[in-house]
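Under the working numbering, residues 237 to 504 are what the sequence shown spells out, in order.
Input: a single structure, listed below in structure tokens.
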Amino acid sequence: MNRNTSFLFLVLILLTANLNAQICYKDKAVVVIHNNELPLSEKKALVILPGLDENRNSRKHMQAFFDTTEYDLFIPDYIDHNSFENSIANFRFFAHEHQFEEYGELYFISYILGTWVLNRYLEEAKPGNVAAMVYDRSPLQERAALVATENIPFLARVFVGRVVEQLSERPYLTYSDTSVAKGIMIESRATNLIRFFRKKTLALGPINWQEPDLQQDHLDLMYVPLNHDQMYDHYELIGADILYFFKHHSFTSDARRTWYEWDPFTGK
């Protein structure tokens, strides 16, 4: 692949991601309320914080899977593509607007940018009704913001926004409340962007896939054979484990708790 072809391929990757993100960003937040007659103190709420790589069908997949569960479902449009701080403020307003603090139990699922925002919100607000949460984590994709900022800053700013650079400057903030049950799903494949910048990504340091440094206490951890983009659309593969964790504070007995021992860039 020559230099011009490589550049066009990279622009195509970013353009596709950007179009998908914009479509979702303009959609209204997903709010599904069950049984309005019950007081919030007797109900459970599930809040999903997507990240920057959410695609145009992600919310439909999420809502379709969780629609018939016992949880009131919330998927906010909280991301300000030009401001990390505004993204936190947007989520804080959404949480207040929908009275999260009044629910009997709160449950969370968060993707990368969503996790950075959620942990900051939880550390500041310190709600006492968080029961359990599942993080989507990726030793590779969590380097994407820095890789993009260092190697294609102009394209990243144009296609995704300044929030990418701001995210790259913020280390992971641990959610320190050990009374909350936390589970972690680890992505085991690389996205197109990370594959394109394979050398740059790996130059940031080695990854111990068997015992990744996640800087977050957790009760259980499982590996999933998906990349970051696929994590939004394959709840038929991950949804049952999430629901099981919410109830039992562990993933199912079938969950894979050891690394796949493959090349995450090829899946072989």
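Beta carbons: idealized from backbone N, C-alpha and C, even for Gly.
Sorted by chain position, which residues of the same chain lie with C-beta nearer than 6 Å to residue i's C-beta, five sequence neighbours on each side aside?
i: residue 374; result: 423, 464
i: residue 408; result: 451
i: residue 402; result: 320
i: residue 331; result: none
i: residue 440; result: 379
i: residue 368; result: 343, 417, 482
CA-CA distance, residue i and residue j?
i: residue 388; j: residue 396; result: 11 Å
i: residue 294; j: residue 392; result: 22 Å
i: residue 354; j: residue 328; result: 9 Å
i: residue 412; j: residue 433; result: 33 Å
i: residue 448; j: residue 501; result: 17 Å
i: residue 370; j: residue 497; result: 23 Å
i: residue 376; j: residue 474; result: 19 Å
i: residue 460; j: residue 334; result: 32 Å
i: residue 469; j: residue 356; result: 26 Å
i: residue 269; j: residue 345; result: 18 Å
i: residue 404; j: residue 303; result: 34 Å
i: residue 184; j: residue 414; result: Limits of the chain in this structure are 237 at one end and 504 at the other, which puts residue 184 out of reach.
i: residue 311; j: residue 454; result: 23 Å
i: residue 364; j: residue 495; result: 34 Å
i: residue 318; j: residue 326; result: 13 Å
i: residue 438; j: residue 410; result: 24 Å
i: residue 504; j: residue 313; result: 36 Å
i: residue 261; j: residue 359; result: Because the pLDDT of residue 261 is 37, which lies under 50, any placement of that residue in the model is unreliable, and the number read from its coordinates should be weighed accordingly. About 25 Å.
i: residue 381; j: residue 489; result: 34 Å
i: residue 529; j: residue 499; result: Here the chain comprises residues numbered 237 to 504, so residue 529 is not present and cannot be evaluated.
i: residue 390; j: residue 442; result: 27 Å
In its own chain, which residues sit with a C-beta less than 7 Å from the C-beta of residue i, not counting the 5 before and 5 after it?
i: residue 350; result: 285, 286, 287
i: residue 487; result: 419, 456, 458, 477, 480, 481
i: residue 471; result: 297, 298, 301
i: residue 254; result: Since pLDDT at residue 254 reaches only 46, below the 50 mark, its modelled position is unreliable, and the value read off the structure follows with that caveat. Cβ neighbours of residue 254 beyond the five flanking positions: 395, 396.
i: residue 338; result: 276, 277
i: residue 431; result: 501
Taking the beta strand (DSSP E) that residue i belongs to, which residues open and close that run?
i: residue 193; result: Residue 193 is absent from the model: the chain starts at 237 and stops at 504.
i: residue 370; result: 366-373
i: residue 346; result: 341-346
i: residue 459; result: 456-460
i: residue 212; result: Lying before the first or after the last residue shown, residue 212 is absent from the chain, which here runs from 237 to 504.
i: residue 395; result: Segment 389-395 is the alpha helix (DSSP H) holding residue 395; no beta strand (DSSP E) there.
i: residue 310; result: 308-311
Have a look at the options and flag the residue whose alpha-carbon is nearest the alpha-carbon of residue i.
i: residue 264; options: 342, 315, 436, 282; result: 315
i: residue 445; options: 297, 493, 337; result: 493
i: residue 428; options: 411, 416, 399, 466; result: 466
i: residue 366; options: 343, 347, 461, 335; result: 343
i: residue 484; options: 307, 360, 417; result: 417
i: residue 273; options: 362, 289, 308; result: 308
i: residue 280; options: 340, 499, 317, 292; result: 340
i: residue 323; options: 426, 490, 400, 425; result: 400
i: residue 361; options: 368, 385, 336; result: 336
i: residue 291; options: 438, 267, 347; result: 347
i: residue 491; options: 421, 504, 503, 443; result: 421
CB-CB under 8 Å to residue i, same chain, minus the five flanking residues each way: which ones, in chain order?
i: residue 305; result: 282, 479
i: residue 436; result: 383, 386, 387
i: residue 462; result: 423, 424, 425, 470, 473, 474
i: residue 406; result: 320, 352
In the DSSP assignment, the alpha helix (DSSP H) including residue i goes from what residue to what residue?
i: residue 376; result: Here residue 376 belongs to no alpha helix (DSSP H), and DSSP marks it neither H nor E.
i: residue 477; result: 471-484
- Item | Unbroken stretches of the alpha helix (DSSP H), 4 residues or longer, contained in the region 258-302 | 294-302
- Task: Please specify which runs of the beta strand (DSSP E), each continuous and at least 3 residues long, are wholly inside the region 397-453, giving them in chain order.
- Result: 417-423
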